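Step one of this worksheet: look at the structure below.
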Amino acid sequence: MHQLSEPVTSSPWTVPAPWRVTSRRRESADTVTLELEPPPGETFAFRPGQFNMLGAFGTGQVPISISGDPAAGGPVLHTIRDVGMATHALCALEPGDRVGVRGPYGTWWPLEEAEGADVMIIAGGIGLPPVRPAVYHLLAHRDRYQRVVLLYGARTPADLLFTDELADWRSRFDLDVQVTVDTAAGGWRGDVGVVPDLIATTRFDPETATAFMVGPEIMMRFTVRALRSAGVPDDRIFLSMERNMQCAVAMCGHCQLGPFLVCRDGPVFCHRQVARWLSLREV
Amino acid sequence: MTLEPLLREHPFLKGLEPEYLTLLAGCATNVRFGEGSFLFREGGPADRCYLIREGKVALEIAAAGRGSIIVQTLAAGDVAGFSWLLEPHRWQFDGRAVEPVRAFALDGICLRGKCADDTRLGFELTQLFARLAIQRLQATRLQLLDVYGNASASAV
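Read top to bottom, the protein sequences are chains A and B. Its first residue numbered 50, the first sequence is counted upward by one per residue in the working numbering. Its first residue numbered 21, the second sequence is counted upward by one per residue in the working numbering.
Shown next, in the form of structure tokens:
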């Protein structure tokens, strides 16, 4: 069985290394997954929840969560949504192209602390890629956990990511997968509704469950309320924050959240740590 | 045989006093809908509400040139139908069984009559439906915010 590896990279804090794109897969109209290979001789390992800084040369760098299996070895997966100049350039890369990579950075999901109890993975929109490595880990060590639940919401059925994998996961008896969309045409046979409403209909033990959550802050705010209402305490709710990370090395201050710098102290935070800062309009 | 013991198990009626469950059981029948059939159609008389026991119901609206659009799906434990409560007692959406559905149908005219006879029952039921309406309103607001849309998108 694989254990979680310590994050490894030859130069996490300095110049981006030129990695090679080995594969590009379109996940939806605006989202692609790139498989990236480190330069020859370089090793790379990460923990679920960590991110790399990626940059197509000449367009700046952006933080992108690592979306592959931390135990798989081989190329490193990043799933990127085309929302601006830098991400547009990344999404346009083709196999054989080079991309600047530095990392891994940031904190990770406390998967080992969650052992022995229920785990809820909650993702909205482009929030699924940052939790996918955690799902791989949970499935690879399934006997260490009780009930494992994945709740995933997207805008429409066409915006759902990793649909083949979701179908595989749904067919498993040891993983409860619930997918919902905000709106759908009449032919859709799945759920239409919002992620927070799934909490009330999901079977889990709030006395012991740990929740890992990524998505738009508004979605997470309402989902935290639903989890707390169900009896899950703040110190077992973990969320991954996105706050304008630019340098990733705690130098520029753009990602400040109260006393925290998200790139250094996050992106994965315990809700108890950040609750008061999330509720401040000025932050 | 009365449906009262089964009604008591439905999450929507959890906590309702036994005397009121007895009254509601007098308005309740067991119903089934096959996949693809309609529980109700927009504009039709809203003379029932449905407490879903099994299956999935899509609330949808037909739009010219776009076919039908699903605005929400309801599953076991949910309630389909507020329109019996307030005039003009007409359905606002279509309710279609996406999967085979088993439900309790509560007769709206019967319910309104019992609520008029017993205002405490009326108050209790109104509270239950108001709570549900607020939950649905909050969900609708979240959907309207389009939190996964481009305007609020991040790349990660």
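Even glycine gets a Cβ: it sits at the ideal position worked out from N, Cα and C. Treat the numbers as computed from the prediction; the structure is a model and nothing was measured.
Does any C-beta atom of chain A lie closer than 8 Å to the C-beta of residue i?
i: G97 (chain B); result: yes
i: E80 (chain B); result: yes
Please report the Cβ distance between residue i and residue j, rounded to the nearest whole angstrom; I am assuming they are in contact, meaning their Cβ atoms lie under 8 Å.
i: I115 (chain A); j: P65 (chain A); result: Not confirmed; about 15 Å, so no contact.
i: A105 (chain A); j: T259 (chain A); result: Not confirmed; about 36 Å, so no contact.
i: I129 (chain A); j: T80 (chain A); result: 7 Å
i: V228 (chain A); j: D240 (chain A); result: 7 Å
i: L288 (chain A); j: V263 (chain A); result: 7 Å
i: V99 (chain B); j: L71 (chain B); result: 6 Å
i: I286 (chain A); j: L276 (chain A); result: 6 Å
i: G75 (chain B); j: R122 (chain B); result: 6 Å
i: E86 (chain A); j: T71 (chain A); result: 5 Å
In chain A, which residues lie with their C-beta within 8 Å of the C-beta of residue i?
i: S88 (chain B); result: A234 and G235
What does residue i touch in chain A if you count any residue whose Cβ is under 7 Å from its own?
i: T93 (chain B); result: D240, V241 and G242
Comparing the C-beta of residue i with each C-beta of chain B, is any distance below 8 Å?
i: F93 (chain A); result: no
i: A203 (chain A); result: yes
i: F374 (chain A); result: Missing from the structure shown is residue 374 (chain A); chain A here goes from 50 to 332 and no further.
i: D223 (chain A); result: no
i: M134 (chain A); result: no
i: D231 (chain A); result: yes
i: H51 (chain A); result: The pLDDT assigned to H51 (chain A) is 45, lower than 50, so where the model puts this residue is not dependable; a value taken from the coordinates is nonetheless given after this. Not an interface residue.
Do you know how far the Cα of residue j is from the Cα of residue i?
i: L105 (chain B); j: A233 (chain A); result: 28 Å
i: I248 (chain A); j: G280 (chain A); result: 11 Å
i: R73 (chain B); j: I90 (chain B); result: 21 Å
i: M333 (chain A); j: V317 (chain A); result: Only positions 50 to 332 of chain A appear in the structure, and residue 333 (chain A) is not among them; the question remains open.
i: V243 (chain A); j: A150 (chain B); result: 19 Å
i: E62 (chain B); j: A82 (chain B); result: 9 Å
i: D118 (chain A); j: R181 (chain A); result: 8 Å
i: D138 (chain B); j: F58 (chain B); result: 32 Å
i: I170 (chain A); j: E107 (chain B); result: 43 Å
i: G176 (chain A); j: L43 (chain B); result: 47 Å
i: C312 (chain A); j: P97 (chain A); result: 15 Å
i: L209 (chain A); j: V197 (chain A); result: 20 Å
i: F124 (chain B); j: C135 (chain B); result: 18 Å
i: G87 (chain B); j: P206 (chain A); result: 16 Å
i: A66 (chain B); j: L33 (chain B); result: 20 Å
i: A324 (chain A); j: G315 (chain A); result: 14 Å
i: L142 (chain A); j: R73 (chain A); result: 8 Å
i: V230 (chain A); j: H320 (chain A); result: 25 Å
i: E144 (chain B); j: L36 (chain B); result: 8 Å
So which residues of chain B does residue i contact, with C-beta pairs closer than 7 Å?
i: D208 (chain A); result: Y168
i: M102 (chain A); result: Those within 7 Å of M102 (chain A) in chain B number zero; the least Cβ separation is about 11 Å.
Are there any heavy atoms of the ligand MN lying less than 7 Å away from the beta-carbon of residue i, as far as the coordinates show?
i: D254 (chain A); result: This structure does not include the ligand MN; it has no bound ligands of any sort.
Query - Residues, ordered as in the chain, of the stretch 152-168 of chain B that lie near chain A by beta-carbon distance below 8 Å - result: Q155, Q158, A159, L162, Q163, L165, D166, V167 and Y168
Query raised in the report: Given a limit of 8 Å on CB to CB distance, which residues of the stretch 246-264 of chain A reach chain B?
Result: D246, T250 and G264
Requested in this report: Give the residues from the stretch 296-330 of chain A that approach chain B closer than 7 Å (Cβ to any Cβ), ordered along the chain.
Outcome: none
Query raised in the report: the stretch 117-140 of chain B: which residues have C-beta closer than 7 Å to a C-beta of chain A, in chain order?
Result: V118
Report task. Using a Cβ-Cβ cut-off of less than 9 Å, give me the residues of the stretch 160-179 of chain A that come near chain B, in sequence order. Result -> G173, G174, I175, G176, P178 and P179
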